[in-house]
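*Asks:* The structure is given below, and queries will be raised subsequently.
Protein chains in written order, with this note's numbering: chain A, 1 to 351; chain B, 352 to 702; chain C, 703 to 1053.
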């Protein structure tokens, strides 16, 4: 009995099958076969492994961004000089990864709740009948009182009065000096799969260097301080155009890292491009340029609430972190080999 | 010597092995074999290629969103009429992808730093002993002075006085008219792997169309202007409920694209759903509905700093960009074939 | 004719080939072969399936976060007591997933537009020649008027006067009491591929529990209410240091779910870590600690616009949602098997 088992085992271990092969001598078929096989082999090694890096597993990062602007702007509108600092021209103030820098504005001072006529040209009326009381139009400034004001020939509305007049945008832009502001970006990325955390303040970018450096694609590609004018220009805009009506720019921080080499070689690349581009260029100006929003400062003057309304035209910056890390991993390697062999099988079958 | 090598080479090239086959005649086994093989074949072609599109590589996009509200609200609280425009009801103002539209509020005017009793019912006390000076409770409005006020039978606190009373929320909501506001969404996506950038202002959606269109799932699925009431309703809420206590709605912009066809067929789909839903419905009302935050407007009145505190109830909108692009790629194709052949191998081995 | 086809079919169905095998008796080769094959088998089953879960497909979630702070701070600066509530110390106010809690500040009250000398030590000058009118330095507070003020020996600038003096940061931090604030996090995730939506208010976390619970890694790992002090400490900071100059902390909500088991087992894990860490520790203090921004409250006093400037030092919290869900899927399973077989093939070929 026991001997049988041992026999069986020994058989299992010490014997193995191999298919009887026939050797066929045929020039054409032979050549074709070899070429196909070699081709497949080349593909597996050359493409999958060297080009596509099929032996590595990939991971994307979770990231966090902190931004800080520096610089002051100066305006002189009909005699009154004014200086704009960070607290005035950055929205929101707390240094998030997406923010707007004011480059132009339409200011409406001393607005208070009351009744006043709409802007000429927009909500015209010939008689009170045209201004149905209690209703409002989507683009109106307030609720119609039902009165048609003779002087302006527009409906009277209950609104923040006087209503804002944004028909003509200041040109040249009031805060064109924004091009001289500087932007400081602090960005940290963590690759959970590989357990690696990196900051854009890589080795060598210490505080003393930061104090004097300014980003330049060639000369200082790792300096985290950017001049606004440079960003605008490198993203294909002209400061005059974008500053007047506003626009949106994406600052891509690209972390493409290979952790099979030393981690310190994992450094960010910065590049800049305009956002909200319209497919067909002809319509670009009309539909996609322009970024503005309204913002009010409230105050009380002799007991009545008033506000200063700002229609802010500005450049919206989105800091977009793109990340792709690669590292050797046994699983994808074997999967690649396995399927490679499969294809090899096909090749031989073809013969 | 040389001849030997040439011989070997010629052998390598002009000969090839093929296993000698035996032909077995067996109905049952034969049929089973064929069925298995056909099944595998069907799977590889049908599922992997047609259904799962195993021959394409996929990529997700980096995106950027710009939002803009339009419309005015009107309130008439005990006699004083008031109009609310964009600068009043949108937080934050600068048109980011996540923002809150105020639909209801509790206003506490003229608060200033001082000492006053807590709200009745919350921090009751019978004697000063109950109000330990210098300490505060997590839910209190300020720091206890150590005095128990007789009139209200609550602890006196150093706080912004008078303290806010948010026991009863205005019903119906003060700014129910919010349902008539409109939301304009500008969204651009970039698929780095395929180098394609798209905007939700696709071909044909030009400025003239935008000026008059309004989103409708059937009639105008590509119009980027949405009526708040529609969004709320399509995400399964009733405007009355959500406007009173606030809530959160996700606006998903879905970019599912196949770049094997013309890029212009890559268009966004919009859909809407409530956020923060609670697993078991019974508790939903208590735990998950409601979105509010406090917001203060500061001012100086005869030398002393004062503030107007707003407890804002509103609808928080998160614009969530979902993207998945597919394009033919040789690698996944061959991998699919390879592994398919592998399985085919298994099938034959089974025989 | 017909008979031929039927013949062919019957042949196709009822016959099958199998290679003639030779049985080779060879101890060494045999053993090696078996071991290799067993190894491969072990790898496929053990690693790919049990360890790497090669039979499951994965998906990441789209998520939405709502945060709410509670608690009051108290400061007593040269005699004037003051209480800080949510509306005062949270930026931005509307409960987004990334926000700053003020822990320290430098206040400059009653600034107005005018001419005043720069801070001593920064922009020194010996004569007007050193202060070129109309220009400004990047780090200056305003535009130079061209005058060198004797008293301070610094250039005169047109700016918000008096200029802010942030040379010495209050120590101990004015709002160290921030450690007692509590943070409430509401987070919902949706896995589009599997059509599952989850909230961090999982089964059992109802409103009554939320009212009394406080997060603790061991005792209450699912309570969505966190004490600031605990977060800071668990992320490796000391409240004293971070509160003084500010810092950034990431709160990772980790959704690692296996949907082959009941959905209710899919629960979030919270963990905390500092952000913006610098690679080499020595320079950490200088380059990476510190988070501050400037924020202004505007008001009108007897007709002139004034502002109160706050340089806010605070803790920036980023709520980062990490998600990975797995579920059985036939495709990856077969791919894994397929490539496994491929490798098995290699093994046998090796023999």
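Note that beta-carbon positions come from the ideal geometry of N, C-alpha and C, so glycine has one too.
#1: Please name the residue, chosen from C:867, C:779, C:903, C:956, that lies closest to residue 874 of chain C on a Cα-to-Cα basis.
#2: Using DSSP's beta-bridge definition, name the partner residues of residue 309 of chain A.
#3: Under three-state DSSP, which class holds residue 411 of chain B?
#4: Please report how far the alpha carbon of residue 198 of chain A lies from the alpha carbon of residue 315 of chain A, in whole angstroms.
#5: Can a CB atom of chain A be found closer than 9 Å to the CB of residue 749 of chain C?
#6: Please name the residue in C:806, C:829, C:909, C:791 whose C-alpha comes closest to that of residue 856 of chain C.
#7: Provide the residue(s) that pair with residue 841 of chain C in DSSP beta bridges, ordered along the chain.
#8: Who does residue 336 of chain A pair with in a DSSP beta bridge?
#9: Determine the chain C residues that contact residue 70 of chain A at a beta-carbon separation under 8 Å, and present them in chain order.
#10: If you compare alpha carbons, which of C:783, C:1042, C:1032 is closest to residue 758 of chain C?
#11: Alpha carbon to alpha carbon, how far is residue 912 of chain C from residue 512 of chain B?
#12: State the CB to CB distance for the pair residue 268 of chain A and residue 187 of chain A, rounded to an integer number of angstroms; the pair is presumed to be in contact (CB under 8 Å).
#13: Can you check which of these residues, C:851, C:821, C:802, is closest to residue 867 of chain C by C-alpha distance?
#14: Quick one: does residue 87 of chain A have its CB under 9 Å from some CB of chain C?
#15: Run down chain A in chain order and give the residues with a C-beta less than 7 Å from the C-beta of residue 1020 of chain C.
#16: Excluding the five sequence neighbours on either side, which residues of its own chain have a C-beta within less than 6 Å of the C-beta of residue 1000 of chain C, listed in chain order?
#17: List the residues of chain C that residue 229 of chain A touches, going by C-beta distances under 8 Å, in chain order.
#18: Take residue 291 of chain A as the anchor and find which of A:101, A:37, A:200 has the nearest alpha-carbon.
#19: When you compare the segment 173-192 of chain A with the segment 60-76 of chain A, are there three or more beta-carbon pairs, one atom per stretch, that lie closer than 8 Å?
#20: Please name the residue or residues paired with residue 598 of chain B in a DSSP beta bridge.
#21: What does residue 977 of chain C reach in chain A if we use C-beta pairs closer than 7 Å?
#22: Specify, as a first and last residue, the run of the alpha helix (DSSP H) that residue 32 of chain A falls within.
#23: Rounded to the nearest angstrom, what separates residue 1039 of chain C and residue 739 of chain C at their Cα positions?
#24: Kindly indicate which three-state DSSP category residue 262 of chain A falls into: helix, strand or coil?
#25: Checking the sheet assignment: what are the DSSP bridge partners for residue 301 of chain A?
#26: Going by DSSP, which residues form a beta bridge with residue 969 of chain C?
#27: Can you give me the Cβ contacts of residue 323 of chain A inside the same chain, cut-off strictly under 6 Å, excluding the 5 residues immediately before and after it?
#28: Once you ignore the five residues that flank residue 981 of chain C on each side, which residues in its own chain have a CB closer than 7 Å to its CB?
#29: Based on Cα-Cα distance, which residue from B:467, B:507, B:486 lies nearest to residue 476 of chain B?
#30: Opposite residue 220 of chain A in the DSSP bridges: which residues?
#31: Quick check on the burial criterion: 16 or more other C-beta atoms within 10 angstroms. Buried or exposed for residue 953 of chain C?
#32: For residue 108 of chain A, which residues in the same chain have their Cβ closer than 6 Å to its Cβ, ignoring the five residues on either side in sequence?
#33: As an exercise, report each continuous alpha helix (DSSP H) stretch of at least 4 residues that is fully enclosed by the segment 169-239 of chain A, in chain order.
#34: On a Cα-Cα basis, can you pick out the residue from A:212, A:319, A:305, A:194 that is closest to residue 58 of chain A?
#35: Verify the CB distance criterion: does residue 463 of chain B have a CB-CB separation below 9 Å to chain A?
#36: Would you mind sorting residue 626 of chain B into buried or exposed? The rule is 16 or more other CB atoms within 10 Å of its CB.
*Replies:* Put simply:
#1: Closest option to residue 874 of chain C, Cα to Cα, is C:779.
#2: When DSSP reads this structure, residue 309 of chain A sits in a beta bridge with A:108, A:296.
#3: Note: residue 411 of chain B maps to coil in three-state DSSP.
#4: Linking residue 198 of chain A to residue 315 of chain A through their CA atoms gives a straight-line distance of about 29 Å.
#5: Interface flag for residue 749 of chain C against chain A is set, since a Cβ pair is found closer than 9 Å.
#6: Looking at the Cα atoms, C:829 is the closest of the given residues.
#7: In the DSSP output, where bridge partners are listed per residue, residue 841 of chain C has none listed.
#8: The secondary-structure analysis by DSSP pairs residue 336 of chain A with nothing; it has no beta-bridge partner.
#9: Ordered by position in chain C, the residues that pass the 8 Å Cβ test against residue 70 of chain A are 840, 841.
#10: That would be C:1032, whose Cα lies nearest to the Cα of residue 758 of chain C.
#11: A straight-line Cα-Cα distance of about 29 Å links residue 912 of chain C and residue 512 of chain B.
#12: So it is a contact: roughly 7 Å between Cβ atoms.
#13: The residue with the shortest Cα to Cα distance from residue 867 of chain C is C:821.
#14: Among the CB atoms of chain C, one or more fall inside 9 Å of the CB of residue 87 of chain A.
#15: Per Cβ cutoff of 7 Å: 64.
#16: 1009.
#17: None at all; the shortest Cβ gap to chain C is about 13 Å.
#18: A check of alpha carbon separations from residue 291 of chain A across A:101, A:37, A:200 identifies A:101 as the nearest.
#19: Enough Cβ pairs lie closer than 8 Å, so yes.
#20: Per DSSP, B:666.
#21: Neighbours of residue 977 of chain C in chain A, taken as residues at a C-beta separation under 7 Å, are given in chain order as 64, 188.
#22: Counting along the chain, the alpha helix (DSSP H) containing residue 32 of chain A begins and ends at 27-42.
#23: Taking the straight line joining both Cα atoms gives about 15 Å.
#24: Annotated three-state conformation of residue 262 of chain A is coil, per DSSP.
#25: Assignment of beta-bridge partners to residue 301 of chain A by DSSP yields A:304.
#26: None, per the DSSP bridge assignment.
#27: So the list reads 60, 61, 189, 255, once near-sequence residues are dropped.
#28: For residue 981 of chain C, the predicted model reports a pLDDT of 40, less than 50, meaning its position is unreliable; a value from the coordinates is still stated below. So the list is empty, once near-sequence residues are dropped.
#29: For the set B:467, B:507, B:486, the Cα lying nearest the Cα of residue 476 of chain B is the one of B:507.
#30: A:216, per the DSSP bridge assignment.
#31: Result: buried.
#32: The answer, listed in chain order, is 164, 309.
#33: For secondary structure counted as the alpha helix (DSSP H) over 4 or more consecutive residues, the segment 169-239 of chain A holds these complete runs in sequence order: 207-212, 228-234.
#34: Out of A:212, A:319, A:305, A:194, the CA that lies nearest to the CA of residue 58 of chain A is found in A:194.
#35: For residue 463 of chain B, the answer is no, since every Cβ of chain A falls outside 9 Å of its Cβ.
#36: Buried.
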